[in-house]
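*Asks:*
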Amino acid sequence: MKARVTVTLKSGVLDPQGQAIVGSLNSLGFEGINGVRQGKVFDVNLAESDPDKAKGLLNDMCEKLLANTVIENYAVELLD
Numbered sequence: 062m063k064a065r066v067t068v069t070l071k072s073g074v075l076d077p078q079g080q081a082i083v084g085s086l087n088s089l090g091f092e093g094i095n096g097v098r099q100g101k102v103f104d105v106n107l108a109e110s111d112p113d114k115a116k117g118l119l120n121d122m123c124e125k126l127l128a129n130t131v132i133e134n135y136a137v138e139l140l141d
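The sequence shown maps to residues 62 to 141 in the numbering used here.
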C-alpha cells in the first residue's frame, strides 16, 4: 500500500526558509507573493494491506520520527 505523509509547520511558528523563498522569488521578478510556508512530503510504501492498520502505522511513524509534533502538523493520505 502506498501512502503520502505531508508535514507542515503549525500556524504561528516562524518559517525562515519560507521567508528566504519569498525573497528569492521577488529577486527573480515574481511579484505579489504574500508569503510561503515550506514543508516536507514523505511517500511511503507499506507491506500492510489493511487501511486502518496502515494509517495506525503511519501515525506512529509521524509521532515518533517524521514530524516534530511540538511545532509541526502532519496529514496521512493512503494512495492505493
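Here a beta-carbon is modelled for each residue, glycine too, at the ideal position from N, C-alpha and C.
Per the contact definition of three or more C-beta pairs closer than 8 Å, is the segment 126-136 in contact with the segment 67-86?
*Replies:* Touching, per the Cβ criterion.
*Asks:* Looking at Leu139 and Ala64, is the spacing between their C-beta atoms short of 7 Å?
*Replies:* The sequence position of residue 64 within the sequence shown is 3, counting from 1. The sequence position of residue 139 within the sequence shown is 78, counting from 1. Yes, they are a contact pair.
*Asks:* With H, G and I counted as helix, E and B as strand and the rest as coil, what does DSSP make of Leu89?
*Replies:* Mapped onto the sequence shown, residue 89 falls at position 28. Coil at Leu89, not helix or strand.
*Asks:* What first and last residue would you give for the beta strand (DSSP E) that runs through Asp104?
*Replies:* Taking the first residue of the sequence shown as position 1, residue 104 is located at position 43. 100-106 is the extent of the beta strand (DSSP E) around Asp104.
*Asks:* Within 10 angstroms of its Cβ, does Leu127 collect 16 or more other Cβ (buried), or is it exposed?
*Replies:* Reading the sequence shown from its first residue, position 66 is the one you call residue 127. So Leu127 ends up on the buried side.
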